[in-house]
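Participant: Quick one: the structure is below, questions incoming.
In the UniProt record's numbering, the protein residues as written are 1 to 96.
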């Protein structure tokens, strides 16, 4: 479950950057896996999502958001769930 305490306050300035995302208008199924998706099918979907992210003018802001709030699902800022988990685990290890 997402810890909503990490989310920014619900004001337009907190999320306004999303309007400029390359993902606007793209079906969310490109970025979020259906239940029990595995293997090559998941890999192909994630690569498709990353291709959209690669053209995005706000990719850095999206990635920062996903890491800050620890988004548990989907591709955000060109990173998959497992890639974000690795980055966050590395940050914890480096802080110790």
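Note that beta-carbon positions come from the ideal geometry of N, C-alpha and C, so glycine has one too.
Determine the closest residue to residue 45 out of 74, 60, 14, with distance taken between C-alpha atoms.
Facilitator: Nearest C-alpha to residue 45: 74.
Participant: According to the neighbour-count rule (16 or more other Cβ atoms, all chains shown, within 10 Å of its Cβ), is residue 38 buried or exposed?
Facilitator: Counting Cβ neighbours within 10 Å, residue 38 comes out exposed, since fewer than 16 surround it.
Participant: Pull up the DSSP beta-bridge partners for residue 76, would you.
Facilitator: 79, per the DSSP bridge assignment.
Participant: For the 8 Å Cβ check, are there 3 or more pairs between the segment 19-30 and the segment 54-67?
Facilitator: Output reads yes: the segment 54-67 touches the segment 19-30.
Participant: Please report how far the alpha carbon of residue 33 lies from the alpha carbon of residue 94, in whole angstroms.
Facilitator: The straight-line gap from Cα to Cα measures roughly 30 Å.
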